[in-house]
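Everything in the sequence shown is counted per our numbering, starting at 61 for the first residue and increasing by one. Below is one structure, written out as structure tokens; the observations come after it.
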Amino acid sequence: MARLAVNVDHVATVREARGIDVPDPVLAAGLAELAGADGIICHLREDRRHIDDRDLRLLRDTVKTKLNMEMAAVDEMVEIALTVKPHVVTLVPEKREELTTEGGLNVTAQPDYYRGVVERLKNGGIPVSFFIDPDPEQVQTAQQCGGDIVEIHTGHYSEAGSESEAIVRFEKIKRAVESASGLDLRISAGHGLNYANIKPFGALPQIEEYSIGHSIVARAVLVGFERAVREMIQLVNNF
Ligand code: PXP
């Protein structure tokens, strides 16, 4: 049985659209845990476009399962992680202009740099996950850099334009998962997974955990919409 870790970034995105204090990703995290989520994930971006420092601190104080902090492998974030001490850190690439994380981290391009970042985090007692493309070379380098976990990027699979393309991209994920399970690494996967495209992953029991955000927040808006409208009708009808 695989685990589900829920990414609450886009609850904060809705909040930031108004610049006020609701909806609160910290409350959403508590509700996700009440629903049975095995972990909570948030991405503290350099530009703080959704999750901010207050969210991260409160999530660390209130999450009862496991808080996974996604972050760029830069000094500012390493310092914050070493202070806040999430249960795990996921290193991701980050570009200011992107809408969401676009590709996996290119660990093989700078292995010495990433080894140094992992060492600092692990000296602070924080296990490290590398978010990488489904590429056996990246998997191997992530392990050589001291990574404990590899999160296989499923975004290209989820964006496939046809079923045959999805099959080809899924096979790539499968090969990366197989190469990771031959090494001393835990395996997770995420990005772009939704209620339909997750089904083939039943064939990959080596994946211990799924990191899912946008599709859950998108569904929550719709499944909760009717109740939210009824509650407001109740109020205005009772004037
Ligand atoms: N994993 C990583 C490393 C991510 O950056 C994201 C997006 O924040 C996710 C998983 C979740 O992706 P999605 O929101 O598409 O479910």
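The beta-carbon is built from N, C-alpha and C at its ideal position, and this holds for glycine as well. What you are looking at is a predicted structure, and each value in this text was computed from that prediction instead of being measured.
Could you tell me the alpha carbon to alpha carbon distance between residue i and residue j, rounded to whole angstroms?
i, j, result
"Lys126", "Ile100", "6 Å"
"Lys234", "Arg290", "45 Å"
"Ser271", "Gln294", "37 Å"
"Arg114", "Thr161", "22 Å"
"Met131", "Thr122", "20 Å"
"Leu87", "Glu158", "27 Å"
"Ser331", "Ile192", "Shown here, the chain extends from 61 to 299; a query on residue 331 therefore has no answer."
"Lys145", "Asp244", "24 Å"
"Thr168", "Lys259", "31 Å"
"Val74", "Glu154", "21 Å"
"Ala89", "Arg108", "18 Å"
"Gly163", "Arg287", "37 Å"
"Lys182", "Thr143", "13 Å"
"Gly117", "Ser222", "Per the sequence shown, residue 117 should be read as Arg rather than Gly. Arg117 and Ser222: Cα-Cα distance of roughly 42 Å."
"Thr106", "Glu136", "Thr is not the amino acid found at residue 106; the sequence shown has Glu there. Roughly 8 Å separates the two Cα atoms."
"Leu119", "Ile140", "14 Å"
"Glu197", "Ser239", "9 Å"
"Leu253", "Gln266", "17 Å"
"Glu225", "His147", "36 Å"
"Glu93", "Pro85", "12 Å"
DSSP three-state call for residue i: helix, strand or coil?
i, result
"Ala133", "coil"
"Glu197", "helix"
"Val210", "strand"
"Ile101", "strand"
"Ile128", "Just to set this straight, residue 128 is Asn in the shown sequence, not Ile. Correct three-state label for Asn128: strand."
"Lys155", "coil"
"Asn298", "coil"
"Ser224", "helix"
"Ile258", "coil"
"Asp107", "coil"
"Gln170", "coil"
"Glu93", "helix"
"Thr160", "coil"
"Gly242", "coil"
"Pro85", "helix"
"Val74", "helix"
List the DSSP bridge partners of residue i.
i, result
"Val188", "Val149"
"Arg63", "Glu269"
"Ser248", "Glu211, Glu269"
State the CB to CB distance for the pair residue i and residue j, rounded to an integer number of angstroms; the pair is presumed to be in contact (CB under 8 Å).
i, j, result
"Arg175", "Gly206", "6 Å"
"Gly185", "Glu211", "At roughly 20 Å, the Cβ-Cβ gap does not stay under 8 Å, so Gly185 and Glu211 are not in contact."
"His70", "His274", "6 Å"
"Asp208", "Val188", "6 Å"
"Val237", "Leu264", "5 Å"
Pocket of the ligand PLP (residues with CB nearer than 6 Å to any heavy atom), chain order: No copy of the ligand PLP occurs in the structure displayed; its ligands are the ligand PXP alone.
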